[in-house]
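In my numbering, the protein residues as written are 4 to 154.
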C-alpha cells in the first residue's frame, strides 16, 4: 500500500506541479521579452515554425488537442496578427495556416525564452538524468498511446 501511494505521489508531482511551474517560468521569460503568448499558443507557433502552411488538423494532431480547442487558439493567434488562414488551392474546404511576418519575427525570442526556461529547470541535473527522465516520459506516453489505440 505504501509503495502505491508513493508512486501516485510521484506521478502527481511529475504530471502536475512540475509542468505548472515550468509553464509559469516560461510565461515569465516570455513577458520579460514583451511576448504575449500562452503555452498553448507557443506550442502551435512551434509547429508552424517547423512546418508553415499546414492544416488545422495537422496542428491539432501535433499538439494533442481537439479540433475545437485548436480553432479557438488559432482564432486568437489570428486576431493578434501572428497567423493567417488561406484556402487550400487543391481543396477549398481546407484552410492552411501560415505565419505572418509578426509570427515569424518572434521565433528567436520565444526560443531564447524556452532555452532559459530549460536551463533554469534542469540546473544541477546531469545530462544522463535528463536523458533517463526523457526515456521514462516517452515510455509512459507510449504505454498510454498503445492502450488508447488498442481500445
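Even for Gly, the Cβ is constructed at its ideal location relative to N, Cα and C.
Check: Supposed close pair residue 89, residue 98 - CB separation, criterion 8 Å; Outcome: 7 Å
Check: Burial state of residue 4 (16 or more Cβ within 10 Å); Outcome: Any reading at residue 4 needs caution, since the residue's pLDDT is 48, under 50, leaving its predicted position unreliable; the model's value is listed next. Classification of residue 4: exposed, given that the 10 Å Cβ count is below 16.
Check: Nonlocal neighbours in the same chain, by C-beta distance under 7 Å from residue 84, ignoring five residues either side; Outcome: 103, 105
Check: Length of the line joining the Cα atoms of residue 3 and residue 44; Outcome: Residue numbering for the chain in the displayed model covers 4 to 154; residue 3 lies beyond these limits and cannot be assessed.
Check: Where residue 100 falls, given that 16 or more other Cβ within 10 Å makes a residue buried; Outcome: buried
Check: Alpha-carbon spacing of residue 135 relative to residue 65, whole angstroms; Outcome: 24 Å
Check: Residue environment, residue 76, which counts as buried when at least 16 other CB atoms sit within 10 Å; Outcome: buried
Check: Continuous beta strand (DSSP E) stretch holding residue 98: start and end; Outcome: 94-102
Check: Opposing strand residues paired with residue 58 [DSSP bridges]; Outcome: 99
Check: Closest residue to residue 42 among 151, 35, 27, 51 (Cα-Cα distance); Outcome: 27
Check: Residue 57 versus residue 122: straight-line alpha-carbon distance, rounded; Outcome: 31 Å
Check: Where the alpha helix (DSSP H) containing residue 132 begins and where it ends; Outcome: 130-153
Check: Beta bridge counterpart(s) of residue 155 as assigned by DSSP; Outcome: For residue 155 there is no data in the structure shown, the boundaries of the chain being 4 and 154.
Check: CA nearest to the CA of residue 107, picked from 50, 129, 68; Outcome: 50
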